[in-house]
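Enquirer: Its first residue numbered 2, the sequence shown is counted upward by one per residue in our numbering.
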Amino acid sequence: MAHLGLPESLIMPLAILEISCVVIYLIPATSVLGAILLTGYIGGAICTHWRVGDPFFIQIALGIFVWLGLYLRENRLKALIPLRTSQAS
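1) Quick check: the segment 61-71 against the segment 37-49, are there 3 or more CB pairs under 8 Å?
2) Just verifying my parser: in three-state terms, what is the DSSP assignment at L78?
3) From the DSSP output, in three-state form, read off M2 for me.
4) Got a sec, what are the start and stop residues for the alpha helix (DSSP H) R52 sits in?
5) Within the same chain, show all residues whose beta-carbon is closer than 8 Å to that of T40, passing over the 5 residues directly before and after it, in chain order.
6) Using the C-alpha atoms, what's the distance from S10 back to L38?
7) Cα separation between P56 and A36?
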């Protein structure tokens, strides 16, 4: 973490924060909140890597997978963002 400009003392707090967000995401009743929290966490990771010139494509892919996973398991989200529209006969 030193090459990112962060002290080693942040490893444990960041790990606890990330695990907490993942647990909230995995609970079906709070999965939308978890996805929002993970998006913020991943956004911070993207900014940190961007600032030091590291590639950040994996973080972007992870964010996409978080929302894709939520879309596939959450019917309320499918109603908000329909990928297919039914055609009237």
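Glycine included, every Cβ here is placed at the ideal spot set by N, Cα and C.
Expert: In terms of the structure at hand:
1) Touching, per the Cβ criterion.
2) Note: L78 maps to helix in three-state DSSP.
3) Here M2 sits in coil by DSSP.
4) 32-53 is the extent of the alpha helix (DSSP H) around R52.
5) Excluding positions up to five away in sequence, the list reads G64, V67, W68.
6) When rounded, the distance between both Cα atoms is 22 Å.
7) Straight-line measurement puts the Cα of A36 at about 23 Å from the Cα of P56.
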